[in-house]
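Scroll down for the structure; my scribbles are underneath it.
Residue numbers (my numbering): 1312 to 1859.
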């Protein structure tokens, strides 16, 4: 583009499609906008027509004084290329950052012309600022942290160490960055550390936590709770190791002193089958060696840790209630599940009593735990046999009556909740037993039970009353039509074919529906539903008969 000729049509179209702002501006003599692409509207809020009509807007609104001065200096210096970033405020008020690339031409008889492009770099600029701010936050967090922190190269040499770690190890950063982590590790702990590092290098983990010993510059041993994570490069190879080290020397020494004071009880503790714990505010101070025999843990795995860490999550509330009773002067006995070293949970019976030593704190206690898995298993099996039908897995008649009473108690204690009974009887089930044998008949009953449980809603009850009779109690069912709808769904589901010894077999059911009456007993409700079921059978095809 030279002289006064406008840009060719193809150039204008290309300029508009890129989204960049293409321009040609005369700045001497006078300020004239020869051409500017329509994309300037999105960048600045001003249309091309406005800027052509009012060229001073470019200087007054879009180029703050320092940016205009830079442009003027470039022209005065005789530079023919300009590549700068500058900021301004969009017509709508929000800040914009732009990149300008232009050429300066001095044309014979036409003054000075600036031609080039400008484009929005606001997002990239903000991202760069955020990255710089993030780096500054990391630097301050690293340097000012009360926890020892370091960055280690893949070869093991320290790259960065904060002041807390330097104080812990008795060395300054200049000295540490000339050493490797192996040189400051207590020799007996080196192999454990190496094994964990090798697991990370093998891709088995992304980091590890380790309680280990370090050697200070004066030869003293300090204990550190080390947490390490690896940062991989784009090829998935370790590029940096980031570590935090908490000085736990005082805690470990206290634990060691406590262990020494407990030595006098060693012979007694080793011969006790129950697990005995000394707790202070719920934290394990000592645990008997029988922990290893009963649950597979080394006692040191528990010492210093809250005992709640080893309880099943569902039992935490029960344990908290037990502790509250203990503080109230009781000696509670509680059943909870405790984590074994192999990751499984075992039932234990726990007996707690306040620790009565003269120096004991207000929240210290002694707890004995006895593994009772076998007792619980027997009780659960007895409960299952008492409450669930062995063949179908449905509730037994007795369990249903107990559940019915409970539902009625809840209804009267809160708001009335309507219930309905569906009495289901399989049609011609005797023929199935006679034709295919009782083994297949049992399979049919199991299939019927599974399908029925798949239809009824959460909170509804299903029970085998005997033989081929099944009873469903619908909870919170307000209308008989709703109960009939569920009954029809049950009939439809049960009618799906079942693969038999010599082809498919279809099972149909007759169902009687009865809505519970205020104060009605389970026996009376079931009797009315049973009577309705016999009406359904006599109707030969009705399938479902309901009574109020």
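Quick reminder that beta carbons are idealized off the backbone N, C-alpha and C, glycines included.
- Straight-line spacing of the CA atoms in residue 1338 and residue 1395 works out to 18 Å.
- Look at residue 1492 here: in three-state DSSP terms it is helix.
- Bounds of any alpha helix (DSSP H) do not take in residue 1357, whose DSSP letter is neither H nor E.
- Following the DSSP letters along the chain, one finds residue 1621 in no alpha helix (DSSP H), marked with neither H nor E.
- By alpha-carbon distance to residue 1548, the top candidate from 1511, 1638, 1424 and 1766 is 1511.
- Cβ-Cβ distances below 8 Å link residue 1529 to 1481 in the same chain, with the five nearest sequence neighbours on each side left out; the list follows chain order.
- About 17 Å separates the Cβ atoms of residue 1711 and residue 1766, ruling out a contact at the 8 Å cut-off.
- Within the DSSP bridge table, the entry for residue 1336 names 1344 and 1425 as partners.
- Relative to residue 1848, the option among 1739, 1684 and 1814 whose CA is nearest is 1739.
- CA-CA distance, residue 1756 to residue 1779, rounds to 7 Å.
- Its chain contains 1523, 1524, 1525, 1526 and 1532 as the residues whose beta carbon lies nearer than 8 Å to that of residue 1497, once the 5 sequence neighbours on both sides are disregarded; these appear in chain order.
- Under the criterion of beta carbons closer than 8 Å, residue 1618 and residue 1629 do not qualify as touching, at roughly 13 Å.
- In the three-state reduction of the DSSP assignment, residue 1814 falls in the strand class, which pools E and B.
- Inter-residue distance for residue 1808 and residue 1827 is about 33 Å (C-alpha atoms, whole angstroms).
- At least 9 Å separates the beta-carbon of residue 1736 from that of residue 1838.
- Beyond the five residues adjoining it in sequence on each side, residue 1830 comes within less than 6 Å, by CB distance, of no other residue in the same chain.
- Scanning the stretch 1669-1749 for uninterrupted beta strand (DSSP E) segments of 3 residues or longer gives 1675-1682 and 1730-1737, listed from N- to C-terminal end.
- A distance of 9 Å or more separates the beta carbons of residue 1427 and residue 1409.
- Using a Cβ distance threshold of 9 Å, residue 1706 and residue 1770 do not count as a contacting pair.
- The C-beta separation of residue 1824 from residue 1791 comes to about 7 Å, placing the pair in contact by the 8 Å criterion.
- Apart from sequence neighbours up to five positions away, the residues of its chain that approach residue 1500 with a beta-carbon distance below 7 Å are 1523 and 1524, ordered along the chain.
- Contact annotation: residue 1336 and residue 1460 have beta-carbon atoms that are not nearer than 9 Å.
- With 16 or more other Cβ atoms inside 10 Å of its own Cβ, residue 1366 counts as buried.
- Between residue 1485 and residue 1456, the C-beta spacing is not below 9 Å.
- Counting only residues of its own chain and dropping the five nearest sequence neighbours on each side, residue 1651 has a CB closer than 7 Å to the CB of 1606, 1607 and 1657.
- Here residue 1613 is not bridged, per DSSP, to any residue.
- Under the DSSP definition of a beta bridge, residue 1772 partners with 1784.
- Setting aside the 5 residues that flank it on each side, residue 1403 is surrounded in the same chain by 1356, each with a C-beta closer than 8 Å to its C-beta; the list follows chain order.
- Counting along the chain, the unbroken alpha helix (DSSP H) around residue 1475 starts and ends at 1474-1480.
- Cβ-Cβ separation between residue 1544 and residue 1521: approximately 24 Å, too far for a contact (criterion under 8 Å).
- Excluding its 5 nearest sequence neighbours in each direction, residue 1637 has C-beta neighbours in its own chain below 7 Å: 1643, 1663, 1665 and 1676, listed in chain order.
- For residue 1528, there is no enclosing alpha helix (DSSP H), as DSSP marks it with neither H nor E.
- DSSP places residue 1752 within a helical segment (H, G or I) once states are collapsed to three.
- In the DSSP assignment, residue 1538 falls within the beta strand (DSSP E) that extends over 1532-1543.
- Note on geometry: alpha-carbon atoms of residue 1466 and residue 1472 lie some 16 Å from one another.
- Assignment of residue 1416 by DSSP, reduced to helix, strand and coil, places it in the strand class.
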